[in-house]
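Quick notes on the structure that follows.
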Amino acid sequence: MLENDAEIISKINSLKKERQAVILVHNYQLGEIQDIADFVGDSLELSQKAALADTRVIVFCGVHFMAETASILCPDKTILLPDLSAGCPMANMVTAEELRQRKKELPDATVVSYVNTTAEVKAESEICCTSANAVRVVESLSNEKILFVPDKYLGHYVSTKTNKEFFLWPGFCPTHTRILPQHILELRKNYPEAKVVVHPECRPEVIALADEVLSTGGMCRYARRDDVSQMVVGTEIGIIYRLRKENPGKMFIPVSEQAICPNMKLITLEKVLRSLEEMSPEVKVAEDIHLKAKMAVDRMLEVA
Ligand code: 13P
Ligand code: SF4
2 MLENDAEIIS
12 KINSLKKERQ
22 AVILVHNYQL
32 GEIQDIADFV
42 GDSLELSQKA
52 ALADTRVIVF
62 CGVHFMAETA
72 SILCPDKTIL
82 LPDLSAGCPM
92 ANMVTAEELR
102 QRKKELPDAT
112 VVSYVNTTAE
122 VKAESEICCT
132 SANAVRVVES
142 LSNEKILFVP
152 DKYLGHYVST
162 KTNKEFFLWP
172 GFCPTHTRIL
182 PQHILELRKN
192 YPEAKVVVHP
202 ECRPEVIALA
212 DEVLSTGGMC
222 RYARRDDVSQ
232 MVVGTEIGII
242 YRLRKENPGK
252 MFIPVSEQAI
262 CPNMKLITLE
272 KVLRSLEEMS
282 PEVKVAEDIH
292 LKAKMAVDRM
302 LEVA
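See the structure below:
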């Protein structure tokens with residue numbers, strides 16, 4: 002650790018106490034950000050932590066929709082996102098207006114939106130889901146027709162696990178689509194003993210070659226199993242830091258070094274410190290959409 006970093010971390014820790022803040026960090030964040038976290042997790046775990054947080058302030062080290070979900074769940078708290086430009090390109094592939102139009106075409110389908118959406122889109126949805134609970138959420142619904150937004154690959158994966166009729170939005174994650182079947186085939190040859198684990202945002206051809214399809218939190222739990230000593234990891238490479246830190250002696254092989262989410266890497270120690278000093282940038286969901294968006298997120302957390 003650089004001397005400068007140590008100084009920044011010590012300032013972050015004392016300001017965190019002064020401001021009564023908790024630092025929530027997604028599994029894809031840079032290692033030095035994971036190291037200052039009060040909690041590191043996947044989208045579902047982070048929203049559950051936010052909902053239960055007893056601090057006045059949450060510093061969210063992730064992307065915009067995650068901070069927005071925290072604001073939906075905790076409207077009275079100050080939610081800081083240390084870089085406001087950390088967005089999710091997939092979340093921007095559907096707008097509330099586009100969804101309203103599609104709902105008119107499919108009036109008897111239930112809208113399930115991935116949490117990787119804006120608050121406006123959540124407000125147009127019956128229920129949200131994450132990669133960790135998407136199958137359970139869809140199974141919990143009585144309707145047989147599902148309009149799933151925005152990730153066509155997650156939606157397709159869930160459709161293979163249920164008997165419902167799916168209408169998929171044409172969205173996708175630019176980072177996970179960089180993972181290709183040939184990457185997996187090559188690594189299977191080189192590491193025949195390794196378990197191959199991929200995220201459900203991957204292409205169906207990639208999912209077909211995997212041993213397990215898991216959320217990032219699911220991957221962290223799976224890695225702890227006694228029968229896993231080598232793991233090929235098909236998701237954003239930031240998670241490799243946590244997997245290696247928690248499982249010394251085990252081998253973790255990223256499927257592709259190209260699977261980087263540039264938005265996740267925008268959060269730095271300096272920006273975390275500045276956000277606590279200035280209590281900005283803040284993410285706050287507008288009052289007119291807050292209640293409707295909260296219903297969709299709350300319904301998800303009831304299923305969890
Ligand atoms: P998880 O909920 O599995 O952490 O995934 C979040 C995400 O953005 C995946 O790209
Ligand atoms: Fe969005 Fe993909 Fe980045 Fe996840 S990895 S935040 S889905 S762009």
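Quick note, the sequence shown lines up with residues 2 to 305 if you use my numbering.
From the three backbone atoms N, C-alpha and C, an ideal C-beta is built for every residue, glycine too.
- If you look at T79, you'll find it in the beta strand (DSSP E) that goes T79 to L81.
- S48 counts as buried, since at least 16 other C-beta atoms from the protein chains shown sit within 10 angstroms of its C-beta.
- Counted as a single uninterrupted DSSP element, the beta strand (DSSP E) harbouring A22 occupies residues A22 to H27.
- With a cutoff of 8 Å on beta-carbon distance, E145 and K123 are scored as not near each other.
- If the five residues before and after L142 are omitted, its C-beta is found closer than 6 Å to the C-beta atoms of T111, all from its own chain and listed in chain order.
- Burial state of P205 is exposed, judged by a 10 Å Cβ sphere holding fewer than 16 other Cβ atoms.
- Sixteen is the threshold: since fewer than 16 other Cβ atoms of the shown chains lie within 10 Å of the Cβ of D289, the residue is exposed.
- The count of Cβ pairs closer than 8 Å, one atom from the region 194-212 and one from the region 168-179, reaches three, so the stretches are in contact.
- By the CB criterion at 8 Å, T118 and P90 fall outside the cutoff.
- Distance between A209 and M232, taken at the CA atoms: about 17 Å.
- Note: E166 is bridge-paired with K146 in the DSSP secondary-structure output.
- Note on L107: under 16 other CB atoms within 10 angstroms of its CB, so exposed under the neighbour-count rule.
- Checking the 7 Å criterion, the Cβ of E258 is out of range of every heavy atom belonging to ligand 2.
- If you draw a 10 Å sphere on the C-beta of G235, you find 16 or more other C-beta atoms in it, and that means buried.
- With respect to the 8 Å criterion, M280 and L81 are classified as neighbours on the basis of their beta carbons.
- For T118, the shortest separation between its Cβ and any heavy atom of ligand 2 does not lie below 7 Å.
- Here D6 is actually not in contact with I268; their C-beta atoms are around 14 Å apart, not less than 8 Å.
- Taking every residue with its beta carbon within less than 5 Å of a heavy atom belonging to ligand 1 gives, in chain order, D43, S44, T131, S132, S216 and T217.
- In the three-state reduction of the DSSP assignment, C130 falls in the strand class, which pools E and B.
- Within the same chain, and ignoring the five residues on either side of K196 in sequence, the residues whose Cβ sits closer than 6 Å to its Cβ are D212, V229 and M232.
- One Cα belongs to E69, the other to V95, and the distance between them is close to 16 Å.
- Q102 has no beta-bridge partner at all, per DSSP.
- Checking the 7 Å criterion, the Cβ of H65 is out of range of every heavy atom belonging to ligand 2.
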